[in-house]
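Sequential numbering of the sequence shown, starting at 1, is according to UniProt numbering. Cβ coordinates follow ideal geometry from the N, Cα and C atoms, glycine included. Bear in mind that the values here come from a model prediction, so they are computed numbers and not experimental data. Structure first, commentary second.
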Amino acid sequence: MPHVREHMLDGTHGPLAVHEWPHPAPRYLALVVHGYGEHAGRYGELAAVLTGHGAAVYGPDHVGHGRSAGERVLIEDFEDVVTDVHGAAELARAAHPDLPLVLLGHSMGGLISARYAQRYGAELSALILSGPVIGAWELPGRLLALPKIPDTPISPAALSRDPAVGAAYAADPLVWHGPMKRPTLQAFTRTLETVARGGDVGPLPLLWLHGDDDRLVPLPGSRIGVERLAGDRLTERIFAGARHEVFHERDKKAAFAELLRFLDEALPRLP
1 MPHVREHMLD GTHGPLAVHE WPHPAPRYLA LVVHGYGEHA GRYGELAAVL
51 TGHGAAVYGP DHVGHGRSAG ERVLIEDFED VVTDVHGAAE LARAAHPDLP
101 LVLLGHSMGG LISARYAQRY GAELSALILS GPVIGAWELP GRLLALPKIP
151 DTPISPAALS RDPAVGAAYA ADPLVWHGPM KRPTLQAFTR TLETVARGGD
201 VGPLPLLWLH GDDDRLVPLP GSRIGVERLA GDRLTERIFA GARHEVFHER
251 DKKAAFAELL RFLDEALPRL P
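This is the structure:
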């Protein structure tokens with residue numbers, strides 16, 4: 001695994017932790033946007049693949065997540081989270097000016113990345129969405145209809161067919177293992193609508209990766225959002241039998257290979 005540095009930025013709601021997996025002479029920048037309840041530190045293996053491909057990799061912990069400030073898993077406005085991710089991108093650009101920037105978002109991070117592309121798409125060279133919360137996602141509405149949000153954490157078994165992934169997730173003290181919070185669910189609902197109305201990403205190359213046995217973010221609902229967001233350069237790869245985290249699955253090497261193949265095509269002028 002590559003060495004990890006940590007930076008602390010002034011985020012929209014207090015100190016924002018940003019992980020950096022450095023490269024001595026990067027060809028491009030990759031910004032990893034993590035999902036709900038987790039943190040960027042879970043993406044060390046993905047970062048190793050990307051640094052091996054020539055990227056300097058950065059990943060912020062969102063407000064209320066990981067080592068960043070804020071009440072745990074409380075997000076009242078995803079626009080603020082997009083602004084924080086943009087701050088991490090500016091940190092990367094300050095260290096490595098003029099390099100192409102690739103944005104990779106997983107799950108909730110896919111929603112954040114989709115909105116980022118709508119706001120800052122001209123600054124991106126490629127967009128990758130993994131199991132993205134986008135389109136028709138029924139969970140927020142279902143939970144908001146209840147008088148009390150049930151204390152039902154995410155099942156580790158829903159993440160991957162690899163039991164070691166679930167065990168590490170369950171034991172991780174930086175992962176949230178409690179119930180979802182009403183303001184966060186309301187923010188999900190608003191931002192899903194905002195992204196649906198926000199237009200497509202035009203010529204930006206977009207890679208969509210999803211497991212066809214994803215029970216947390218079912219594939220058919222995401223397809224609606226991805227096809228609405230995509231311009232004319234969409235590549236999709238659906239993994240048979242895979243659950244929510246394709247980069248942590250038993251066949252993760254296929255997901256990594258698909259990612260690098262896409263980047264080689266999307267960034268053809270890299271030396």
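Counted within 10 angstroms of its Cβ, other Cβ atoms place Ser222 as buried (16 or more) or exposed: Its Cβ being crowded by 16 or more others within 10 Å, Ser222 is buried.
DSSP three-state assignment for Leu9, whether helix, strand or coil: Strand.
Residues of its chain near Arg115, where Cβ-Cβ distance is below 8 Å and the 5 sequence neighbours each way are ignored: Within the same chain, Arg115 has close Cβ partners Phe78, Glu79, Val82, Thr191, Thr194, Val195, Gly198.
Local Cβ density within 10 Å of Met8, reported as buried at 16 or more and exposed below that: Its Cβ having fewer than 16 others within 10 Å, Met8 is exposed.
Contact set for Val49: own chain, Cβ-Cβ below 8 Å, skip 5 residues either direction: Cβ within range, chain order: Phe256, Leu259, Leu260.
Continuous alpha helix (DSSP H) stretch holding Gly52: start and end: 44-52 is the extent of the alpha helix (DSSP H) around Gly52.
Stretch-stretch touch, CB-based, cutoff 8 Å, three pairs: the segment 206-220 with the segment 237-251: Between the segment 206-220 and the segment 237-251, the count of C-beta pairs closer than 8 Å reaches three or more; the two stretches touch.
Local Cβ density within 10 Å of Thr184, reported as buried at 16 or more and exposed below that: By the beta-carbon neighbour count (other beta carbons within 10 angstroms, threshold 16), Thr184 is buried.
Beta-carbon gap between Leu144 and Ile128 smaller than 8 Å: No, the pair does not count as a contact, with Cβ atoms beyond the cut-off.
Alpha-carbon to alpha-carbon, Asp61 and Pro88: Reading off the sequence, residue 88 comes out as Ala, not Pro. Our two residues, Ala88 and Asp61, have alpha carbons roughly 10 Å apart in a direct line.
Distance between Thr235 and His65 (C-alpha atoms, nearest Å): When rounded, the distance between both Cα atoms is 30 Å.
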